Amino acid sequence: MKIAILGAECTGKTTLAHALATALDGCGGRAAWVSETLRDWCRQNGRTPEAHEQRAIALAQAARIDTAAAVAWLLVDTTPLMTAVYSDLLFQDISLYPFALAHHACFDLTLLTNLDLPWVPDGLQRDGMQAQRAFDTRLREVLHQNALPFSDVSGQGPARTAAVLALIQGNSVPEDSY
Numbered sequence: 166m167k168i169a170i171l172g173a174e175c176t177g178k179t180t181l182a183h184a185l186a187t188a189l190d191g192c193g194g195r196a197a198w199v200s201e202t203l204r205d206w207c208r209q210n211g212r213t214p215e216a217h218e219q220r221a222i223a224l225a226q227a228a229r230i231d232t233a234a235a236v237a238w239l240l241v242d243t244t245p246l247m248t249a250v251y252s253d254l255l256f257q258d259i260s261l262y263p264f265a266l267a268h269h270a271c272f273d274l275t276l277l278t279n280l281d282l283p284w285v286p287d288g289l290q291r292d293g294m295q296a297q298r299a300f301d302t303r304l305r306e307v308l309h310q311n312a313l314p315f316s317d318v319s320g321q322g323p324a325r326t327a328a329v330l331a332l333i334q335g336n337s338v339p340e341d342s343y
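The sequence shown begins at 166 in the working numbering and counts up one residue at a time.
So, in structure tokens, the structure goes:
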């Protein structure tokens, strides 16, 4: 099962991906986690990307996902769709949407992390609470406009992980689906 974890900055995507990979590993097969290309890119370059660099980041994220090991549970900490939304908001560039939306079809489940965690600065990748809200709003619009089903993820720590595990294992109805 391929699971996309989407959400604005500082909403616990990476923490959730780690927790789910740990919890699901060995539960009907191996679990693996695909990390966020943008985070690695920012660390390597010491800055956030410019408009002309967005496509390469989206393609690199897709390549990470596409070449990930075949496992029972693949947890993906962001997808090219995140890069497309950022390009739209920051640079008014909508050119990445067709690729990102087509690539998103490979996922069995999309989780959308809510804005219920405290905002914490994180070096180069954090633009602030205003940007966080704007991104969340736009991402939700894109998901709805393209009829991409998703499940909202709320809560903190083990309770958050348990709620998602229940959803994955079919013990819960998604809180919100497109």
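All residues carry an ideal CB built from backbone N, CA and C; glycine is no exception.
Quick caveat, the model's predicted, so the values are computed rather than measured.
Where does residue i sit, in a helix, a strand or coil, going by DSSP?
i    : result
L277 : strand
A270 : coil
S260 : coil
V199 : strand
D190 : coil
A169 : strand
L313 : coil
V285 : coil
Just to confirm before moving on: does the CB-CB distance between residue i and residue j stay below 9 Å?
i    : j    : result
L203 : I222 : yes
V329 : L181 : yes
T176 : L282 : yes
A169 : T302 : no
S200 : T232 : no
A216 : F300 : no
Y251 : Q297 : no
Ignore the nearest five residues each way along the sequence and tell me which others in residue i's own chain have a CB closer than 6 Å to its CB.
i    : result
S337 : With a pLDDT of only 41 at S337, under 50, the local geometry of the prediction cannot be trusted, and the value read off the model is given with reservation. Around S337: A331.
P245 : A223, Q226, A227, A265 and H268
S190 : The question names Ser, yet the displayed sequence has Asp at residue 190. Result list for D190: A196, in chain order.
A324 : none
N311 : L266
A249 : L261, Y262 and A265
F315 : T275, L277 and L308
Q209 : none
First and last residue of the alpha helix (DSSP H) that includes residue i?
i    : result
A234 : Run containing A234: none; DSSP gives neither H nor E here.
V329 : G322 to I333
Please work out which residues of its chain come closer than 7 Å, Cβ to Cβ, to residue i, disregarding the five sequence neighbours upstream and downstream, and give them in chain order.
i    : result
P198 : For the sequence presented, residue 198 should be read as Trp rather than Pro. Cβ neighbours of W198 beyond the five flanking positions: A182, H183, A186, L240 and D242.
N279 : T176, D317, V318 and S319
A234 : A197
K167 : L239, V241, C271, F272 and D273
Q321 : L282
I259 : D253
Within the continuous beta strand (DSSP E) that includes residue i, where are the two ends?
i    : result
V318 : S316 to V318
Residue i: which of the options sits nearest, CA to CA?
i    : options                   : result
M247 : E306, G193 and G335       : E306
C192 : D253, D258 and V236       : V236
L171 : G322, Q257, A327 and L313 : L313
Does residue i get closer than 9 Å to chain E when you measure Cβ to Cβ?
i    : result
L282 : In the structure shown, chain E does not exist; there is a single protein chain.
Spatial neighbours of residue i within its chain, please: C-beta separation below 8 Å, excluding the five flanking residues on both sides.
i    : result
T326 : L181, A184, L185 and A188
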